[in-house]
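Working notes for the structure below.
In full-length UniProt numbering, the protein residues as written are 1 to 115.
Given below as structure tokens:
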């Protein structure tokens with residue numbers, strides 16, 4: 001489990017980011033919120049620009065931090081499913097806020113540079 005910071009006013013943000021920071025973690029969580037359960041191959045299709053190695057690494061970190069649950073079925077070929085844990089579900093408002101901000105940002109012209 002990650003370290004909990006107890007310091008300045010920005011620490012709650014740091015405590016949140018330490019779980020979802022990572023190039024693809026928030027996007028993986030978003031897709032799991034949308035679908036509920038996804039197999040590794042389904043996540044690969046949803047994230048075609050992410051290498052198989054990077055996807056596996058990000059999933060392993062999310063699992064180690066307790067945000068997702070990995071289930072491996074004893075079949076050939078191996079079937080692996082990912083779903084959100086209760087702790088992972090608690091991030092839904094954060095991810096939905098990011099989605100809303102991103103949707104709003106896309107609709108507006110880019111801000112002028114301050115340089």
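Note that CB positions come from ideal geometry on N, CA and C, so glycine has one too.
These numbers were taken from a predicted model, which means no experiment stands behind them.
Residue i burial status per 10 Å Cβ neighbour count (16 or more: buried)
i: residue 73; result: exposed
i: residue 82; result: buried
i: residue 101; result: exposed
i: residue 106; result: exposed
i: residue 76; result: exposed
i: residue 58; result: buried
Close-in-space but distant-in-sequence residues of the same chain around residue i (CB under 7 angstroms, 5 per side omitted)
i: residue 87; result: 66 and 67
Contact under 8 angstroms by Cβ, residue i with residue j
i: residue 52; j: residue 31; result: no
i: residue 26; j: residue 98; result: yes
Residue of the options minimising C-alpha distance to residue i
i: residue 39; options: 49, 55 and 95; result: 55
DSSP state of residue i mapped onto helix, strand, coil
i: residue 84; result: strand
i: residue 106; result: helix
i: residue 75; result: coil
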